[in-house]
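Before any comments, here is the structure.
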Amino acid sequence: MVDRVVFIARDIIEENRKLAEGLRRLYDRLGLTVLEFLGGPGSGKTTLIERLLELFTRDYDPHEIVYIGGDVATSLDTERIARFGVHAIQINTGGTCHLEVPHVEAALEKLGGEEFLRGKKFLIIENVGNIICPFNFPLGAHARVMVADVTEGEDKFVKHPMSTRVSDVIVINKIDLADYLGVNLDKMIEDARRINPRARIFLVSARTGAGVGELYEALKGVRGG
Ligand code: MG
Ligand code: ZN
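With positions in the sequence shown counted from 1, the corresponding number in this note's numbering is that position plus 5.
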C-alpha cells in the first residue's frame, strides 16, 4: 500500500450543483429536453452527436434544436454541428477543462434567453473533452451521457467510477474496433453495470452508425418518454 492524500473541491462543486437546479427548473418550465455529452478527448462525442442529429433532424425541425459546444479554445466541433441547420453556439472556456453553469447561462443569454428558447425541443450540450471534472459539475441536463470508447482501455469504468456513477446513459463507442484491439466488451458492460446499475448502456459505432438508432430512440424519449 502507498500513502495518499485525497482532496475534495467541495465548495465550488456544491455551489455549481445549486445553480444547476435553477437551470433544470428553467428547462422544465420551457419544456426543453436537455442532453449533455461527456467523455475524454477523442472518445467520439462530436461524431456521435452528428450521427444522432441525422436522426433528430429527420423527426424535428432543426430550428427546434440547440447545440452548445464546450471547448478550451476552438470552434471546430460547433462548425461541424452547425451544418445540420440547428442553432449552434460555442463556449470557449479559456483553458478551464469543464463547463460550469455560468458558461451555459451565458451561452443561452447570447442566443436570446428565454424568449429564444421558447418552443425549442432539445438542447444538446457537448462538454469539454475530459473524463474527470465535467462529471462533477452538472448543468441541469435531464440525461448525462458518458461517451467512452474501446481505444481508451477496457478498464475505463473501473478507473473512473465517479464519472461512471453520475451518468444516466453510458455509451461504449467505436465497437467496430473492439476486435482489432482485443477489447472484451462484455467485461466493459459488466464493469459499467456494477458501478452504475441504474444507467442505460449502449454499444455503438458513431463511424458505422451501428447502435445509434437505439440510442436515439432512448434519448428522444428521455423526458416523459
Ligand atoms: Mg468534440
Ligand atoms: Zn475541469
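Each residue gets a CB set at the ideal place from its N, CA and C atoms; glycine is no exception.
All of these numbers come straight from a predicted model, not from anything done at the bench.
(message) Can you tell me where the alpha helix (DSSP H) holding F61 begins and where it ends?
(response) What you label residue 61 is simply residue 56 of the sequence shown in a count that begins at 1. Where F61 is concerned, the enclosing alpha helix (DSSP H) stretches over K50 to D64.
(message) Once the 5 residues before and after R194 are set aside, which same chain residues still bring their CB inside 8 Å of it?
(response) Taking the sequence shown and counting its residues from 1, one reaches residue 194 at position 189. Correcting the residue identity first, residue 194 is Ile in this sequence and not Arg. Same-chain partners within the cutoff: I177, I206 and L208.
(request) Put V155 into one of helix, strand or coil per three-state DSSP. (result) Your numbering for residue 155 matches position 150 in the sequence shown. The answer is helix: DSSP assigns V155 an H, G or I state.
(message) Shorter than 6 Å, the distance from the beta carbon of K50 to the closest heavy atom of the ligand MG, or not?
(response) In the sequence shown, residue 50 corresponds to position 45, counting from 1. Checking the Cβ of K50 against the ligand MG gives yes.
(request) Could you tell me if E120 is buried or exposed, where buried requires 16 or more neighbouring beta carbons within 10 angstroms of its beta carbon? (result) If you number the sequence shown from 1, residue 120 lands on position 115. So E120 ends up on the exposed side.
(request) Apply the 10 Å Cβ neighbour rule to K50 and answer buried if 16 or more other Cβ atoms are within range, or exposed otherwise. (result) Against the sequence shown, residue 50 aligns to sequence position 45. Buried, by the Cβ-count rule.
(request) Please go through the same chain and pick out, in chain order, the residues whose beta-carbon is closer than 6 Å to the beta-carbon of A112, but skip the five residues on each side of it. (result) Taking the sequence shown and counting its residues from 1, one reaches residue 112 at position 107. Only I73, I94 and I96 meet the Cβ criterion.
(message) So, with DSSP's three-state summary, where would you put L31?
(response) As a position in the sequence shown, residue 31 is number 26, starting the count at 1. L31: helix per DSSP, three-state reduction.
(message) By the DSSP assignment, the beta strand (DSSP E) with A204 in it spans what residues?
(response) Within the sequence shown, numbered from 1, the residue matching residue 204 stands at position 199. Per DSSP, A204 belongs to no beta strand (DSSP E) and is neither H nor E.
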